[in-house]
Amino acid sequence: MSDHTDAAPLLERCFLFDATEDSYEVTGIQGEIPGWLRGSYYVNGPARFERAGMRYKHWLDGDGMICTLRFTGEGVHFANRFIQTAKLKEEDAAGRFVYRGFGTSFPGDKTRRNVMLEPPVNVSVYRYANRLLAFGEQSMPVAMDPITLESQGDYDFNGSISDITPFAAHAKTDPANGHLLNFGVSFSATEPMLNVYEFDAAGEMLRRRRHPLKYQHSLHDMGMTPNYVAFYLSPLIMDFNRFVNDGVSVMESLNWEPDKGSTILVAQRSAKTEPAFRVDVEPGYCLHVINCHEDTSDNGRLLFVDVFEMERPIYGEYQPIPDLFGTAPACRPVRYVIDLDTQALRERIAMEYDKSPDFPAVDAARAGTELDDFWALGIGEFHASGRKFFDELIRGSWKTHSISEVYRVPRQEYLGGEPVCVCNPANKEEAVIICQHFLPADGRVEFLIFDAFNIPQGPIARLPLKHMIHAGFHTSFEFE
Ligand SMILES: [Fe+2]
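When you number the sequence shown by my numbering, it's gap-free, plus one each residue, and the end is 613.
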């Protein structure tokens, strides 16, 4: 490490090891798992950073691996497998990295059709249309067996997308009808475009809407309500020509240009009665949307867009592996209240908590409606110099506009993976949070289960694993 301080001792043990694919009953469970928790938890994340003496630099470079916990009446079954992408298969055969990464370029590296990354499919994983789909940036998802995690090839939504369709990793499911929404940015130098897709619950594309963009925005996430989609467009601009012509990584092609400002783009999902519109906001950076909802019971029609807003982009903090978050930016939960009738920003409400929170989660069964609570991971020592990692689980409340609960692991221990919220279908006042807990000093990792509404008491159950796994990105849960 170049820095003299280290707020994340032993973090290298969480990133630099060969992942073991396995499938077994979890034994040695401590505590009690609620009887209503029956179904499958999934997490996707980068799980290979080194081959043949070469190391990828960036967290987003690693090959995607799915871990699952299957909760049944008999116990809990763990399984994990790499996603068999074209990239992984070719590199397995070659015994070395062949493809350029998000943050790593090297002499002779390959890209897909010389215009895009060959995706490592390492961002998210959702059940949809009787399938398990693993998503990466700008690519078709990969279908997998929901139980065995066997890869079944790219999923093209009944032929409606192809391997050059811009297709992001943060698809959203509308719980009201099972529709899947997603977006993708076309990085044309002359006509950059935001594409918004909606598919029915069976995989048929219902529509593709195109919204012209002023700039080639790097865009990672979206917001969704029953009638609207919302996009926080940050001035992190992709120099696509540089990526294609200069042999550099995506990371080296991104420019932070705060003079260009930030806007929130709002568009109707299906109706065409109102044109898409934008509201200007202060030039912050948004990686993840917490939730959105509509409110028509007030004096007008309002759209609430809840985001994690950073003072600058976060991608530079995802490198160099394993020394992450060296200069983590302040980040706050922020609520934007947008008047749908006047198409103007009515209010901006920022919470005080600024410990670089990320990986927000809400009750997915009610996403897109008004939800008081959200959960996320934070970096307790984010003001410290030197590398750091997530060590706080937080619960935020829009009732009090504050972080209402915090649980922090001891020093030299870390948390990982979006803290998925699973609500008891029979009682929405009852919910659990599931996340990863790393104890690198002991070479151990476990999953923790918390009472979602009593985080500070600590986990109600601990599920130890047999082997180390990598810190995950996004998660989901499907009831059986
Ligand atoms: Fe994400």
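All residues carry an ideal CB built from backbone N, CA and C; glycine is no exception.
Local Cβ density within 10 Å of residue i, reported as buried at 16 or more and exposed below that
i: S382; result: buried
i: S135; result: In this predicted model, S135 has a pLDDT of only 47, less than 50, meaning its place in the structure is not dependable enough to derive any value.
i: H516; result: exposed
i: G243; result: For clarity, residue 243 is Lys in the given sequence; the question names Gly instead. Exposed, by the Cβ-count rule.
i: N247; result: exposed
i: D524; result: buried
i: T122; result: Nothing can be reported for residue 122: it is not among the residues displayed for the chain, which extend from 134 to 613.
i: L387; result: buried
i: E613; result: exposed
i: Q285; result: exposed
i: T608; result: buried
i: R171; result: exposed
i: L149; result: exposed
i: E207; result: exposed
i: T323; result: exposed
i: N648; result: Beyond the ends of the chain as shown, which are 134 and 613, falls residue 648; an answer cannot be given.
i: I602; result: buried
i: Y348; result: buried
i: P552; result: buried
i: N614; result: Since the displayed the chain opens at 134 and closes at 613, residue 614 lies outside it and no answer follows.
i: S257; result: buried
i: I527; result: buried
i: R465; result: buried
i: R229; result: exposed
i: E131; result: It is not possible to answer for residue 131, since the shown part of the chain is limited to 134 through 613.
i: P179; result: buried
i: E158; result: exposed
i: T205; result: exposed
i: S114; result: This structure does not reach residue 114, given that the chain is present from 134 up to 613, and the question cannot be answered.
i: Q217; result: buried
i: T358; result: buried
i: T201; result: buried
i: D151; result: exposed
i: L144; result: buried
i: N213; result: buried
i: Q569; result: buried
i: A632; result: An answer regarding residue 632 cannot be provided, because it is not within the stretch 134 to 613 covered by the chain.
i: K521; result: buried
i: Q271; result: buried
Sheet register partners of residue i (DSSP bridge)
i: V539; result: I527
i: D506; result: S530
i: Q163; result: R595
i: C147; result: In the DSSP output, where bridge partners are listed per residue, C147 has none listed.
i: Y184; result: What sits at residue 184 in the sequence shown is Arg, not Tyr. Paired residue(s): M187.
i: I567; result: V553 and I582
i: A363; result: G356 and V399
i: K305; result: L314
i: V231; result: Bridge partners of V231: none, in fact.
i: E331; result: L314 and R340
i: I370; result: H350 and N388
i: M198; result: G178 and F215
i: R203; result: S173 and H210
i: R577; result: L572
i: N378; result: In the DSSP output, where bridge partners are listed per residue, N378 has none listed.
i: D155; result: N213
i: L548; result: H570
i: S284; result: M277
i: F610; result: Y174
i: M326; result: S319 and P345
9 angstroms Cβ cutoff, residue i in contact with chain B
i: N560; result: The chain inventory of the structure shown lacks chain B, comprising one protein chain alone.
>> Three Cβ pairs or more, each shorter than 8 angstroms: is that satisfied between the region 521 to 539 and the region 329 to 345?
In response: no
> Any chance the region 183 to 190 sits against the region 450 to 457, with 3 or more Cβ pairs inside 8 angstroms?
Replying inline: yes
> With contact counted as at least three CB pairs below 8 angstroms, one residue from each stretch, are the region 392 to 411 and the region 482 to 494 in contact?
Replying inline: no
> Any chance the region 359 to 369 sits against the region 393 to 403, with 3 or more Cβ pairs inside 8 angstroms?
Replying inline: yes
> Among all residues, which have a Cβ less than 7 angstroms from at least one non-hydrogen atom of ligand 1, and in what chain order do they fall?
Replying inline: V256, S257, A302, H303, H353, D354, L420, H421, F606 and H607
> Using 8 angstroms as the Cβ pair cut-off and three pairs as the minimum, do the region 582 to 597 and the region 156 to 171 touch?
Replying inline: yes
> What are the uninterrupted segments assigned as alpha helix (DSSP H) that are 4 or more residues long and contained completely in the region 381 to 453, given in chain order?
Replying inline: 383 to 386
>> Between the region 425 to 435 and the region 371 to 387, can you find at least three pairs of beta-carbon atoms closer than 8 angstroms?
In response: no
> Mind pulling the beta strand (DSSP E) runs of 3 or more residues that sit fully within the region 234 to 280?
Replying inline: 257 to 261, 264 to 268 and 275 to 277
> What are the uninterrupted segments assigned as beta strand (DSSP E) that are 3 or more residues long and contained completely in the region 459 to 512, given in chain order?
Replying inline: 464 to 472, 477 to 483, 491 to 494 and 506 to 511
>> Would you call the region 568 to 578 in contact with the region 544 to 552, where contact means no fewer than 3 C-beta pairs closer than 8 angstroms?
In response: yes
> Counting Cβ pairs closer than 8 angstroms, one from the region 295 to 314 and one from the region 233 to 242, do we hit at least three?
Replying inline: no
> So does the region 496 to 509 actually touch the region 473 to 481, counting three or more Cβ pairs closer than 8 angstroms?
Replying inline: no
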